[in-house]
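Have a look at the structure below before the remarks.
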Amino acid sequence: MSEVIEVTQAEKSHSKVGEVASKAALVGMSMMGSSVAHTEPHADHGYAPARWAAAAISGIGWLVGGIAFPFGVWALVVLGGVLQIVAVIVNLSMNAAGMGAKANDDWAAAKLKAAEARAS
């Protein structure tokens with residue numbers, strides 16, 4: 134990402150149902166005494182291709198191994214396990230290639246740079 138734009142959760146055009154569900158979850162969390170109930174939403178939450186790719190590969194591996202296990206198809210069970218290892222490797226390599234989540238310091242610097250660009 135060469136250009137970073139500061140985005141808030143409200144500007145991401147989530148559905149009304151999602152907003153209501155999010156507020157209900159916050160109420161439930163605060164009723165249970167959660168310490169994270171009133172934290173600021175993260176602008177980068179869920180926008181890392183490395184995480185999505187690794188989660189998809191891991192999910193496919195879990196399905197393959199989980200379905201094959203009761204039937205005793207051990208080659209597919211092993212394949213499911215191998216896909217878990219592949220998911221970790223894909224995540225690490227995509228992170229190294231710059232497709233992972235930014236560190237908090239990186240986001241802070243990018244937001245500062247964007248604010249300076251808007252001010253000038």
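If you count the sequence shown from 1, position 17 lands on 150 in the numbering used here, and the numbers rise without skipping. C-beta atoms are modelled at their ideal positions from N, C-alpha and C, and glycine is treated no differently.
Under the three-state reduction of DSSP, residue 232 is assigned to coil, being neither helix nor strand.
In the assembly as shown, residue 155 is an exposed residue. Its beta-carbon has fewer than 16 other beta-carbons within 10 Å. The beta carbon of residue 213 is closer than 6 angstroms to those of 194, 197 and 198 in its chain, skipping five residues each way along the sequence. In the same chain as residue 223, and ignoring 5 residues on each side of it, the C-beta atoms closer than 7 angstroms to its own belong to 186, 187 and 190, in chain order.
Counting along the chain, residue 182 sits inside the alpha helix (DSSP H) bounded by residues 182 to 201. Here DSSP, grouped into helix, strand and coil, assigns residue 148 to coil. In this structure, residue 157 keeps its C-beta atom at 8 angstroms or more from the C-beta atom of residue 228.
Between residue 215 and residue 201, the C-beta spacing is not below 8 angstroms. Sixteen is the threshold: when 16 or more other Cβ atoms of the shown chains lie within 10 Å of the Cβ of residue 220, as they do, the residue is buried.
In terms of Cβ geometry, residue 241 and residue 181 do not form a close pair [threshold 8 angstroms]. Separation of residue 208 and residue 232 (C-alpha to C-alpha, rounded to the nearest whole angstrom) is 32 angstroms. DSSP, reduced to helix, strand and coil, places residue 206 outside both helices and strands of the structure shown, so it counts as coil.
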